[in-house]
Amino acid sequence: MRKGIFHIAIMLGMLLAACEKEIAWEFQSEDLSSVVVDGILTNELRQQEIRLSFSNAKINQALAPVMGAAVSVSDGNTIRVFSESQAEPGLYLSDSFQVVINRVYFLTVIYQADTFTARAESLPVTALENMLIVHDSVQHLNRFVFQGSGQPAMTKVFYDWSEDTAYCTAYGSGRAQETFYVLDNVDINEIFGPDRELIRFPSGTQIIRKKYSLTEEHQEFIRSLLMETDWSGGIFDVQHGNVTTNLSNGAFGYFAACMVVSDTTEVLK
Amino acid sequence: MLVMLLMSGITFAQLSKLDIRMNGTYHEETLANILADITSKTGVKLSYSSNRIPVDTRITASFNDEPLADVFGQLFSTLPVRYELMDDYIILKKGRAGPEEAYREEEKKFTLNGFIKDNNSGELLIGATVFVPELELGAVSNNYGYFSLTLPAGKYTLVLSYMGYEAFNAIINLGSNMKSDFGLMPALEVMEEVVVSSLKTEEMQFKKVASQSEVLPEQVKRLPSLFGEADVLKNLEMQPGINYYGEGSSYFHVRGGHYDQNLILLDEATLYNPSHMFGIFSPVIPEAVKSVDIYKAGFPVKYGGRLSSVIDIRTRDGNLYNVSGSGSLSMISGKLSLEGPFKKGRSSYFVSFRRSYFDVLLKRISPNLKGLYFYDFTTKFNIRLGPRDRLFITFYKGEDVFRLTQGTGQLTGLNWSNTSTTLRWNHILGSRIFLNATVYGSKYDYYLHTNMASGSYWNSRINNLSLKEELSWFPTPRLSCRFGVQLGYYDFNPGNFSTAENRQQVQVSPVKSTETALYAGAEQEVCKWLAVHYGLRFSTWTNTGKAFVVRYDEGHNMTEIDYYMPNQPFYHHSGLQPRLSLSAALPGAAFLKLSYSRNIQYINLISNSLSPFNSFEVWLPSGPNIDPQKADIFDLGYQQSFGDRGWNLQTDLFWKNFYNQIGYVYHANMLVNPLIEGEIRQGDGYAYGFEMSVQKETEKFKAQGAYTYLRSFLQIEDINGGEIFPASQDRPHTLNMSFTWQARPRWMITGSARYNSGARITTPVSFYYYQGYQVPLFTGQNNDRLPSYSRVDLSATLKLNRKPEQFEHSLTFAIYNMFGQVNPIFLYYNKTLEENGALVVPSDRLNSRELTASMRYTFVFLPSVTYQFSF
């Protein structure tokens, strides 16, 4: 169903090709300084990361880190304390550990007089799909085509072309990352979503794919996140509202625990 | 003019049968023979049954150049015979006439009834006025062109008038009940804009309910339009209190109500989605339309089912006398209308067809495009079964088709269609009783084909079949009553995905519903300066199986699913809807109007889309999880005509209380969701405002302007934290202006301008970062507003004929949005500006891009040329 709809959407987009232009818009900014939690624990054995920041009053303002918070994660048996990174304020790092499948993890963040908590469960993840890379013989660049289907999942695709200095200069960076999703729902504004930036990469790029399991609650969070970001800006936008969260006490963001499978591919020259 | 006079003469002759004089001497002659002699001498057709009147009675009488009225008076003075005029006949009936009653002739009242029609085409005219200056009494023809007026016996002047027609005076000698049809001549072309509303007939306006207005199809044809496609429904935006959702939208809000609260009727059948090309065009072309009545308050008791407005569109009956036609070629479509008699004066047809042709061009650009077009087909048959009976059959179908072959060869597509059928029977039960019986059906069907070869599609549908019977009773000129019953059957498919393998599998339960409405109302002139419309409508709604109903707890969490067998009722609601409208005539052709209506709405358009474009419409009935929407509507209006100077002023103050309004949880999942009703929240709201419109008419120039001040608010559970918030249709200021100017005999210039406050939108007050996304934060629903909307359109029509001919043709040059005003329909804040100027959503989550606000807009400076012809 999705594929058919997608092609129709392209045509409809042409038909309703309304013009779009930049506008200087005065947002009714409010300095809410809400605490935002951004943390995905995985089954990768490493230092797990949780990032804490404040919301910004204005668009494009630099990330404002929450410093001096006490962060810990418990699985009911073990409490793991996260320490604030000296190099990167607002980033809290644990000792090396990995999440275990089907286990529930509890996050506690204490910042000044406020305590924020969240709960996350790690579910199994299915295998990665076949990879499809399309080569553009005119631009001599490649493009990753997401082939996801089946069980709900989030796939992060990391590109590393740092050895290609010419393309680093052209792109402005040696690395990039995009995220793809498979969700249970079909949404109109996903189907009729806006044009997205196309990340093209040169041959020789190393691609790392990481596929994350999703709980139903995490899916719901991602769906609302996409409705306010990637899917917003089409011709069938829906009513806006705050992205859901599993954080308590007025914090935003999401705390997740996911099983991950990954692979690494180098695009042949 | 000559034709007009001749036709007027014919009408007058019909009225004067009783004035025809005759001579005759009869001695002991049977009544049958005398009547036969009257027919042979006067040519007057007499109709009677020999079994019912004493035709064998022998009579001796002599008449010397005496009018038939006196002849009958003498003949029937001692006999139980009375007579009535009926079109070409004088009908003799068994009756009470006796010597005593004959003496009281002057005190008796008789009824004049009939139809008012266009003299050229026989088209029945709705809302035409019949006024008797001597008594300062009158009547207005109903939706079927019928009127009934009961007056004391006597000789009167009748003044008949109708918008765009020459006023017509007739003298009648009312000595018995009479049925007579009247024909009005269309005003000459130059004069067409002049509403012939002089004389005291203007005072008849005070019989109309508050906030009732009309759209004239002829005026719609003249005003500039998008791509030169004259559009009746889009023209509603020139009415005060009506705002379209956005540019290119067929959704409109009336006085702060939601866009699903407008009842659009095409010959009494409902049009559920009046749009083509996602709403850029509407399916109602002016060539097919006879009249459009708009009710925004003071709803007549016969209407129900929507809260905010009724748009009652009547299609043309077809020319009863001559074959005629019209057509046009615009940049988008071609259309042709044809009408004429089957049997002159007795039956007629009307057919119109429009099809877009831009697919011809687009197919060349995109070979994979297999179809992209829309069409409308409207046909109507009008059959006069006899002097008392008329039958009308209307069929309408409009469809949008879009087919695309994908790279894999798979054919996919979209199509949606509106179909409606009406079978209407008008019967004059007596001189004062009029019956209208209508069977009508409507269907709206939406398909999203994901693979046409394998039969995979998403479908949403609503259809209904209804029966309406209405009796109009006109006991006195100052009182008319209406009694009706309406039975409707509805079938809802709220959106299911189906493949060849799982054709019977249902994700969202279909529902069948029945609606019953009983109503009674009256229009009464209490005194010369006060008219009252009052009535009561009682409606019931019942949902039946086969269906399943998902039950929710107070937190809107699913608790259980109940299954119902076919025809098993599982939901019932009934309610009373009182209606009251007062109209007071003030000195100086001014009127004060006050109205109250309660409306109940049982069917709901379920969509959380912000888009002005329509798609994936899902209709759901009220049921265990959705309470019926209700509204109390108050209106206070003031109208004044400055007849001599051609000015008309109308103002209205209104207040609306809404109940059980529909909202959606944030990020509700509306497509193929079995728990769709769990995404709905309900609450109350209110709207208030002020409207003012001014019209100026001269012989060659007509202008009108309207201003609306409007506020609309809602309070719905789980939205905006349960606090009151402005509705998206909350637009304080709207200003419309239009003019029509006959600049030269062959040149007509028209123009329109519009300004309104922008639609309410929700914008972020803050942002945060998450996984490389910059996520907006909101603190209030509809806290912001799009920039104001403004547009100026201009058109010039050149008549290509130098002198009047049978075949007339013209060219219209138009510019839509001539000053190129950019009117946003969306505001975005999640895109980044690429080097090539494209605005795209960033994909790279490592290298954050700077986001910018952007807006989407449509239709800036669109010139068009349209060729029109008629014969």
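One line per chain: the protein sequences are U and D, in this order. 1 is the number of the first residue of the first sequence in my numbering; add one for each residue after it. 1001 is the number of the first residue of the second sequence in my numbering; add one for each residue after it. C-beta atoms are modelled at their ideal positions from N, C-alpha and C, and glycine is treated no differently.
Can you give me, in chain order, the residues of the region 1666-1677 of chain D that have a beta carbon less than 9 angstroms from any beta carbon in chain U? 1666, 1667, 1668, 1669, 1670, 1671, 1672 and 1673
Can you tell me whether residue 1807 of chain D is buried or exposed, with buried defined as 16 or more other CB within 10 angstroms of its CB? exposed
Three or more C-beta pairs closer than 8 angstroms, one from the region 1491-1503 of chain D and one from the region 1609-1624 of chain D: is that the case here? yes
Selection of the region 55-68 of chain U by Cβ proximity to chain D, strictly under 8 angstroms: 55, 56, 57, 58, 59, 60, 61 and 63
Element boundaries [alpha helix (DSSP H), containing residue 219 of chain U]: 216-228
Output the distance between the C-alpha atoms of residue 1355 of chain D and residue 1866 of chain D, rounded to the nearest integer angstrom. 15 angstroms
Under 8 angstroms between C-beta atoms, does residue 1000 of chain D make it to chain U? Coverage of chain D is limited to positions 1001 through 1871, which leaves residue 1000 of chain D absent and any answer about it impossible.
Below 8 angstroms, can you find three or more Cβ-Cβ pairs linking the region 1820-1827 of chain D to the region 1853-1870 of chain D? yes
Outcome for residue 56 of chain U when other beta-carbon atoms lying within 10 angstroms are tallied against a minimum of 16: buried
The beta strand (DSSP E) that contains residue 1789 of chain D, what's its start and end? 1789-1799
Distance cutoff 8 angstroms, beta carbons only. Does residue 1737 of chain D sit that close to anything in chain U? no
Measuring only between beta-carbons, confirm whether residue 149 of chain U sits less than 8 angstroms from chain D. no
For residue 1080 of chain D and residue 1528 of chain D, the rounded distance between their alpha carbons: 37 angstroms
In this structure, does DSSP put residue 1808 of chain D in helix, strand or coil? strand
Taking only runs of the beta strand (DSSP E) that begin and end inside the region 1323-1396 of chain D, which ones reach a length of at least 3 residues, in chain order? 1324-1329, 1333-1343, 1347-1356 and 1369-1386
Thinking just about the alpha-carbon of each residue, which of D/1030, D/1350, D/1034 and D/1084 is nearest to the one in residue 1058 of chain D? D/1030
Do you know how far the Cα of residue 1451 of chain D is from the Cα of residue 1359 of chain D? 21 angstroms
Which residues in chain A sit within 7 angstroms of residue 21 of chain U, going by Cβ to Cβ distance? Checking the listed chains, one finds no chain A in this structure; the protein chains it contains are U and D.
Would you kindly work out how many angstroms separate the C-alpha atoms of residue 88 of chain U and residue 52 of chain U, rounded to a whole number? 11 angstroms
Within a Cβ cutoff of 6 angstroms, which residues of the same chain sit near residue 1414 of chain D, ignoring the five residues on either side of it in sequence? 1402 and 1448
Give the secondary structure of residue 1040 of chain D by DSSP, where H, G and I count as helix, E and B as strand, and everything else as coil. helix
Quick one: list the residues of chain U neighbouring residue 1783 of chain D, beta-carbon separation under 8 angstroms, in chain order. 28
Cβ-based burial, residue 1195 of chain D [other Cβ within 10 Å; buried from 16]: Its pLDDT being 38, under 50, residue 1195 of chain D is placed unreliably by the model, and nothing is read from it.
Between the region 185-216 of chain U and chain D, which residues of the former have a C-beta closer than 9 angstroms to a C-beta of the latter? 185, 186, 187, 188, 189, 191, 192, 193, 194, 195, 196, 197, 198 and 199
Is it right to say residue 218 of chain U is buried, meaning 16 or more other beta carbons lie within 10 angstroms of its own, or is it exposed? buried
Quick check on the DSSP output: the alpha helix (DSSP H) that includes residue 27 of chain U runs from which residue to which? Note, residue 27 of chain U: premise wrong, no alpha helix (DSSP H); not H, not E.
Where does the unbroken beta strand (DSSP E) through residue 1070 of chain D begin, and where does it stop? Segment 1068-1075 is the alpha helix (DSSP H) holding residue 1070 of chain D; no beta strand (DSSP E) there.
Buried or exposed for residue 1747 of chain D, going by 16 or more other Cβ atoms inside 10 Å? exposed
Residues sharing a beta bridge with residue 114 of chain U, DSSP: U/111
Under 8 angstroms, Cβ to Cβ, is there at least one residue of chain U near residue 1133 of chain D? no
Where are the alpha helix (DSSP H) runs, 4 residues long or more, that stay fully inside the region 160-244 of chain U, in chain order? 165-171, 188-191 and 216-228
Comparing C-alpha positions only, which one of D/1667, D/1791, D/1864 and D/1298 sits nearest to residue 1597 of chain D? D/1298
Return no unless some Cβ of chain D is closer than 8 angstroms to the Cβ of residue 175 of chain U. yes
Straight-line gap, residue 29 of chain U to residue 62 of chain U (C-alpha atoms, nearest Å): 15 angstroms
Straight-line CA distance for residue 1134 of chain D to residue 1306 of chain D? 41 angstroms
Buried or exposed: where does residue 1802 of chain D fall if 16 or more other Cβ atoms within 10 Å of its Cβ makes it buried? exposed
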